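Participant: Below is a structure I'd like to ask you about.
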Amino acid sequence: MVLFVSDMHFGRGARSAERTKEAALVECLKAHASDIDHLYLLGDVFDGYIEYRHLVPKGFVRFQGLLARWTDRGIPVTYLLGNHDPWHQDHFSEELGVTLIPDSIEATHFGRRLHLAHGDGLAATDPPRSWVRALLRHPVPVRLYRSLLPADIGLGLARWVSRRLHDPDETDAATPARLRTQAHRLLRHEALDGVVLGHGHEPALDRGPDGVYLNTGNWYERRTFARLDEAGLRLQHWNGTRAQGIEARSGH
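Just so you know, we're using the numbering used here here: the sequence shown kicks off at 27 and counts up by one.
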């Protein structure tokens, strides 16, 4: 079984709310631990993340500890960076054993070839969005930012800007439709069986003649995620004690 989860936006809310959100994710992942073959984190795990050479943002160690235990057991964990958390360096890869992917990848599981991404690159179809995305991921401004600002100021400013530019509570209403359109374009023109994205914050599952489009929705509010096994891709909701199928709530 393969799991896909995105848009936790850790660090956004009050400490008690963040601890509850983290605990729910840890319990959900533990519930699948005996059957898991691969875990994909599809971006925006953190609401604002900037890592320095010798410093990383504190918090969410229970979640990170679980990732380390899984990779120590040989369970692959792949983290595709989102628009809120692109400024990783090597903490997750060297300390936790997680594979970091800056953009999109294609992977094959259970005989199905999938395109995986956070989705902000597909949604950034107009010049302002694409320019901002390119600037935030370019190594030169990122290196200057880390060099010129002390860590506390740099992280605080990064989180402030992240919330102003990409408020998850004010996601562009057109984003889910834009992601669906781009996913179906990929399915038509590439040799794919499925496209799995986050970013849109609305769970969606479209099954068509060209393949399957699935959006994981978001964990921070909806507690939705996806799984893949021999039966195919499915949307899931964590109700606090177990996972439930939510195909009836999927998009069309």
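All C-beta atoms, glycine included, are put in the ideal place defined by N, C-alpha and C.
Fair warning: this is a prediction, and the values are worked out from it, not measured in the lab.
Between which two residues does the alpha helix (DSSP H) carrying R138 extend?
Facilitator: Here residue 138 is taken as the residue at index 112 of the sequence shown, counted from 1. No alpha helix (DSSP H) contains R138, which is instead part of the beta strand (DSSP E) from R138 to L142.
Participant: Return helix, strand or coil for G91, following the three-state DSSP convention.
Facilitator: Stepping through the sequence shown from its first residue, residue 91 is reached at position 65. Looking at G91 - three-state DSSP - the assignment turns out to be helix.
Participant: I'd like to check one pair, D70 with D116: are the Cβ atoms closer than 8 Å?
Facilitator: Along the sequence shown, one-based indexing puts residue 116 at 90. Along the sequence shown, one-based indexing puts residue 70 at 44. Cβ distance not < 8 Å, so D116 and D70 don't count as in contact.
Participant: Give the DSSP-derived three-state secondary structure of T207 in the structure shown.
Facilitator: On the sequence shown, position 181 is the one that residue 207 refers to. Note: T207 maps to helix in three-state DSSP.
Participant: Count the other CB atoms within 10 Å of the CB of Q270; is the residue buried (16 or more) or exposed (fewer)?
Facilitator: Translated into the one-based positions of the sequence shown, residue 270 becomes position 244. So Q270 counts as exposed.
Participant: Please state the DSSP three-state secondary structure of R233.
Facilitator: If you number the sequence shown from 1, residue 233 lands on position 207. In this structure, R233 counts as strand in the three-state DSSP scheme.
Participant: Does DSSP classify A59 as helix, strand or coil?
Facilitator: Sequence index remark: in the sequence shown, residue 59 carries index 33 (1-based). In the structure shown, A59 sits in coil (DSSP, three-state: anything other than H, G, I, E or B).
Participant: Within the continuous beta strand (DSSP E) that includes Y66, where are the two ends?
Facilitator: Stepping through the sequence shown from its first residue, residue 66 is reached at position 40. Start and end: H64 to L67.
Participant: Compute the Euclidean distance between the alpha carbons of Y246 and G85, then round it to the nearest angstrom.
Facilitator: On the sequence shown, residue 246 is found 220 positions in, with the first residue counted as 1. On the sequence shown, residue 85 is found 59 positions in, with the first residue counted as 1. Cα to Cα, Y246 sits roughly 16 Å from G85.
Participant: Ends of the alpha helix (DSSP H) at Y105?
Facilitator: Here residue 105 refers to the residue found at position 79 when the sequence shown is read from its first residue. Per DSSP, Y105 belongs to no alpha helix (DSSP H); it is in the beta strand (DSSP E), V103 to L106.
Participant: Name the two residues that bound the continuous alpha helix (DSSP H) containing W264.
Facilitator: Locating residue 264 in the sequence shown gives position 238, counting from the first residue. Run containing W264: none in the alpha helix (DSSP H); it sits in the beta strand (DSSP E), G258 to W264.
Participant: Can you list, in chain order, the residues of its chain whose CB lies under 6 Å from that of D236, leaving out five sequence neighbours each side?
Facilitator: Working through the sequence shown from its first residue, we reach residue 236 at position 210. Only L213 and R214 meet the Cβ criterion.
Participant: Find the nearest neighbour of G145 within the set H225, E216, A49 and T46, judged by alpha-carbon distance.
Facilitator: What you label residue 145 is simply residue 119 of the sequence shown in a count that begins at 1. Considering only alpha carbons, the answer is H225.
Participant: I need the straight-line Cα distance from L93 to G123, nearest angstrom please.
Facilitator: Along the sequence shown, one-based indexing puts residue 93 at 67. Along the sequence shown, one-based indexing puts residue 123 at 97. When rounded, the distance between both Cα atoms is 8 Å.
Participant: Let me know the secondary structure DSSP gives A294 once reduced to three states.
Facilitator: The structure shown does not extend to residue 294, since the chain is modelled only from 27 through 278, so no value can be given for it.
Participant: When you compare only the Cα positions, how much space is there between I219 and V238?
Facilitator: Position 193 of the sequence shown, counted from the first residue, corresponds to residue 219. Position 212 of the sequence shown, counted from the first residue, corresponds to residue 238. Correcting the residue identity first, residue 219 is Asp in this sequence and not Ile. Cα-Cα distance, rounded: 6 Å.
Participant: When you compare only the Cα positions, how much space is there between R275 and A230?
Facilitator: Numbered from its first residue, the sequence shown carries residue 275 at position 249. Numbered from its first residue, the sequence shown carries residue 230 at position 204. For R275, the pLDDT reaches just 45, beneath the cut-off of 50, and the residue's location in the model is therefore unreliable, leaving the point undetermined.
Participant: Considering only C-alpha positions, which residue in the set A40, L67, E256 and D232 is nearest to L126?
Facilitator: Sequence index remark: in the sequence shown, residue 126 carries index 100 (1-based). Nearest of A40, L67, E256 and D232 to L126, Cα basis: L67.
Participant: Since A252 and R204 should fall inside the 8 Å C-beta cutoff, what is the C-beta to C-beta distance between them, to a whole number of angstroms?
Facilitator: Within the sequence shown, numbered from 1, the residue matching residue 252 stands at position 226. Within the sequence shown, numbered from 1, the residue matching residue 204 stands at position 178. A252 to R204, Cβ: 20 Å. No contact.
Participant: Between which two residues does the alpha helix (DSSP H) holding G37 run?
Facilitator: Here residue 37 refers to the residue found at position 11 of the sequence shown. Note, G37: premise wrong, no alpha helix (DSSP H); not H, not E.
Participant: Should V221 be labelled buried (16 or more other beta-carbon atoms within 10 Å of its own) or exposed?
Facilitator: Residue 221 sits at position 195 when you count from the first residue of the sequence shown. So V221 ends up on the buried side.
Participant: With DSSP as the reference, label G271 as helix, strand or coil.
Facilitator: Position 245 of the sequence shown, counted from the first residue, corresponds to residue 271. Strand, per DSSP.
Participant: What do you get for N265, buried or exposed, if any count of 16 or more other CB atoms within 10 angstroms of its CB means buried?
Facilitator: As a working mapping, residue 265 is identified with position 239 in the sequence shown. Exposed, by the Cβ-count rule.
Participant: As a quick exercise: from N244, L261, H263 and R99, pick the residue whose alpha carbon is nearest that of S60.
Facilitator: One-based indexing of the sequence shown puts residue 60 at position 34. Taking only the C-alpha atoms, the option nearest S60 is R99.
Participant: State yes or no: is the beta carbon of G37 nearer than 8 Å to at least one beta carbon in chain C?
Facilitator: You won't find chain C in this structure, because it holds only one protein chain.
Participant: DSSP on H110, reduced to helix/strand/coil?
Facilitator: The residue you call residue 110 lines up with position 84 of the sequence shown. The answer is coil: DSSP assigns H110 none of H, G, I, E or B.
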